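Trainee: Residue numbers (my numbering): -15 to 187.
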Amino acid sequence: MMTSTCVNEIVLEGRPQAEPVLSHENHGLRFFRFFLEVPRLSGHADLLPVLVPESLAGQVQPEELLRIRGQLRSFNNRSGVGNRLVLTVYAQELPPPEGEAANRILLTGSLCKPPIFRRTPLGRTICDLMLAVPRRYGRTDYLPVIAWGQLAQQVRSLPTGEQISLEGRLQSRVYQKTTDAGTEARVAYEVSMMRLEAQNGDM
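In structure tokens, the structure reads:
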């Protein structure tokens, strides 16, 4: 599926929930953010954060189908509020929509933490991974990945530093966080692995 040592490609198609709003400026360029609603086969939908450069922001219209090609990026939230690791889809291209929901991500990177294998209250096996995916200029994206069932069994014993390639989907998940002020609902974003391909070809 992938031969490069650094792959980070995502394709989404869904409907923006509002017009893009200014996020920040960097080196004289302005970037805008919005949320894209992407339906699942189950009937639920993922609400995914998207960052778009000003040059593309005018193509984003609320509730009109939008197709995105780009990368999944991470950065550290130093505000002390919300998740410490913030994920967002960086839109590099907005090709014509194809008329159906799309949510597909290809990643190649290295495990930067030991896998965490566990079982849900209903007995399903799940394994949490943290994948380090290098990008240009010395930066690295740290991307949380979850594997279920047989895939969880395959990756549970992989060593830190192991390079893997995978195909999956980006999903949003609401959870309850207990803070000093009480319990509040937060949203986590993670890659749900659908297919795994090891670099050495023995998996």
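We put the CB at the ideal spot given by N, CA and C, even for glycine. Everything numeric in this text was worked out from a predicted model, so none of it was measured.
Taking only the alpha-carbon atoms, compute the straight-line gap between Leu40 and Ser94 and give it to the nearest angstrom.
Mentor: Cα-Cα distance, rounded: 32 Å.
Trainee: Looking only at its chain, what residues have a beta carbon closer than 8 Å to the beta carbon of Gln76, apart from the 5 residues adjacent to it on each side?
Mentor: So the list reads Arg53, Gly54, Gln55, once near-sequence residues are dropped.
Trainee: Suppose contacts are defined by Cβ-Cβ distances below 8 Å. Is Leu150 in contact with Tyr173 by that definition?
Mentor: Going by C-beta atoms, Leu150 is not nearer than 8 Å to Tyr173.
Trainee: For the region 74 to 90 and the region 4 to 11, state whether three or more C-beta atom pairs, one from each stretch, are separated by less than 8 Å.
Mentor: The answer is no - the region 4 to 11 does not touch the region 74 to 90, with fewer than three Cβ pairs under 8 Å.
Trainee: In this structure, what does DSSP give as the bridge partners for Arg157?
Mentor: For Arg157, which the question treats as bridged, DSSP gives the partners Ala172.
Trainee: Is the separation between the beta-carbon of Thr109 and that of Gln137 shorter than 8 Å?
Mentor: Yes.
Trainee: Taking the straight line between their C-alpha atoms, what separation do you get for Met(-15) and Cys96?
Mentor: The predicted position of Met(-15) is uncertain, since its pLDDT is 37 and thus under 50; no value can be drawn from it.
Trainee: Please state if the CB of Leu135 and the CB of Leu180 are separated by a distance shorter than 8 Å.
Mentor: A contact, by the Cβ cut-off of 8 Å.
Trainee: I'd like the list of long-range same chain contacts for Thr144, defined as Cβ closer than 6 Å, with 5 residues on each side in sequence excluded.
Mentor: Correct list, in chain order: Leu95, Pro98.
Trainee: Given this structure, state the Cα-to-Cα distance separating Glu82 from Arg51, to the nearest angstrom.
Mentor: Rounded to whole angstroms, Glu82 to Arg51 spans 8 Å at the Cα level.
Trainee: Looking only at its own chain, which residues have a Cβ that is under 6 Å from the Cβ of Ala131, when we skip the five neighbours before and after it?
Mentor: Cβ neighbours of Ala131 beyond the five flanking positions: Cys111, Val139, Met177.
Trainee: Rounded to the nearest angstrom, what separates Pro118 and Val(-9) at their Cα positions?
Mentor: The alpha-carbon atoms of Pro118 and Val(-9) are separated by roughly 8 Å.
Trainee: Assign Glu181 to one of three DSSP states: helix, strand, or coil.
Mentor: Glu181 falls in the strand class under three-state DSSP.
Trainee: Just how far apart, CA to CA, sit Leu127 and Gln147?
Mentor: Approximately 14 Å between the Cα atoms of the pair.
Trainee: Please classify Ser39: does DSSP put it in a helix, a strand, or coil?
Mentor: In this structure, Ser39 counts as helix in the three-state DSSP scheme.
Trainee: Where does Asp164 land, buried or exposed, given buried means 16+ other C-beta within 10 angstroms?
Mentor: So Asp164 ends up on the exposed side.
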